[in-house]
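With the first letter of the sequence shown counted as 1, position 278 gets the number 277 in numbering that gives the first Met the number 0; the numbers rise by one all the way through. Idealized CB from N, CA, C, for every residue including glycine. Here's the structure we're looking at; comments come further down.
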Amino acid sequence: MSESIIGVDVGGTTIKIGFLSENGDILAKCEIPTNKTNNGSAILTDMWKTISDEMYHLDIKKDDIIGIGVGVPGFVNSEKGIVDEAVNIGWKNVKIRDELRSLSDLPVCVANDANTAVLGENWLGAGNQAKNVLAITLGTGVGGGIIVNGELVNGENGTAGEIGHSTVKINGLPCNCGKKGCLETIASATGIVKQAEVAINNNPSSELATYYNEHGDISAKDVFDMAKNGNKLCKEIIHYTMDILGFSLANIATVLNPSKILIGGGVSKAGDILIEGLKDSFQNYALPRTNDVCTIKLAELGNDAGMTGAAFLVKQQIRHVVF
Ligand code: ZN
Numbered sequence: 000m001s002e003s004i005i006g007v008d009v010g011g012t013t014i015k016i017g018f019l020s021e022n023g024d025i026l027a028k029c030e031i032p033t034n035k036t037n038n039g040s041a042i043l044t045d046m047w048k049t050i051s052d053e054m055y056h057l058d059i060k061k062d063d064i065i066g067i068g069v070g071v072p073g074f075v076n077s078e079k080g081i082v083d084e085a086v087n088i089g090w091k092n093v094k095i096r097d098e099l100r101s102l103s104d105l106p107v108c109v110a111n112d113a114n115t116a117v118l119g120e121n122w123l124g125a126g127n128q129a130k131n132v133l134a135i136t137l138g139t140g141v142g143g144g145i146i147v148n149g150e151l152v153n154g155e156n157g158t159a160g161e162i163g164h165s166t167v168k169i170n171g172l173p174c175n176c177g178k179k180g181c182l183e184t185i186a187s188a189t190g191i192v193k194q195a196e197v198a199i200n201n202n203p204s205s206e207l208a209t210y211y212n213e214h215g216d217i218s219a220k221d222v223f224d225m226a227k228n229g230n231k232l233c234k235e236i237i238h239y240t241m242d243i244l245g246f247s248l249a250n251i252a253t254v255l256n257p258s259k260i261l262i263g264g265g266v267s268k269a270g271d272i273l274i275e276g277l278k279d280s281f282q283n284y285a286l287p288r289t290n291d292v293c294t295i296k297l298a299e300l301g302n303d304a305g306m307t308g309a310a311f312l313v314k315q316q317i318r319h320v321v322f
């Protein structure tokens, strides 16, 4: 049997595990709930139990596995294989490489989940193996990953790519990170909903307020759908959101000069209305020469980006493959 790689995407609710061939075909995948009790102390043993069960079912031997790559939502020291802090799952100073290696007796590589997502998209998705790529994930929060000269950028202590926590509004709304006015407070699904709630309060007799009163709730998808149908308040919210997002991306792109900006995450399912608004705004704020070489695209791998990129991390760190 040819060799395979295990890619793991640890999320706040579920852990996605994929078995991939060396050229990226997903041979099998499975999902287990993230057990966050006791500061996530059972996560690694749960993960390894599922992997070894799956190996048995697939009849894959340890000798056929190149390694295990793991993407974790938090600050990660990829070189040392340590998760410094992952607030959502309760981890602090978890020596994931050593612990998972002693459980599995396999090589282990670890990176931040937004970084594994950009690796996955650039390997087999919308990035098409570009040398300089910026990727953002618009979900409950805003994540980001950066590839420069074919390699992930981690920074001095793991905050490189934390685009969601760049300040876009001085004294803006409080963010989960403790700061105020982060991009995440505006351009995430949560941020869009907050903007809608303000608009509803300010316009109690609007169509948007009526919708909210009838449904008792509003989602980012509702705001995009109503904007597509011409609702004025929702169009304003989306226009403002894309303006701020394009402004942030243009500033980062002017510094990094990428050929691709990839937009993923649940909010990106809004599609054309998002990409078109973003392109206009990006063009307004980026250096023309930066804009000339840069394509803004929707990510293509969806939920598989993380596990795919975690597998590529193994190729990169163990087999020294670069884009
Ligand atoms: Zn923040």
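Any non-hydrogen atom of the ligand ZN closer than 7 Å to residue i Cβ
i	result
Cys174	yes
Glu299	no
Glu183	yes
Lys193	no
His164	yes
Lys178	yes
DSSP-derived helix/strand/coil call for residue i
i	result
Cys108	strand
Asp52	helix
Thr33	coil
Ile217	coil
Ser280	helix
Asp83	strand
Pro173	strand
Ile135	strand
Lys178	coil
Distance CB(residue i)-CB(residue j) smaller than 8 Å
i	j	result
Ile4	Gly80	no
Asp112	Gly305	yes
Leu137	Gly264	yes
Gly160	Gly149	no
Asn131	Asn256	yes
Ala186	Lys296	no
Ala298	Leu261	yes
Leu43	Leu99	yes
Val167	Gly177	no
Thr307	Gly73	no
Ser1	Glu21	yes
Per DSSP, the bridge partner or partners of residue i
i	result
Glu150	Val147
Phe18	Ile5, Ala27
Lys234	Per DSSP, none; premise fails for Lys234.
Ile262	Ile135, Leu297
Phe74	Glu84
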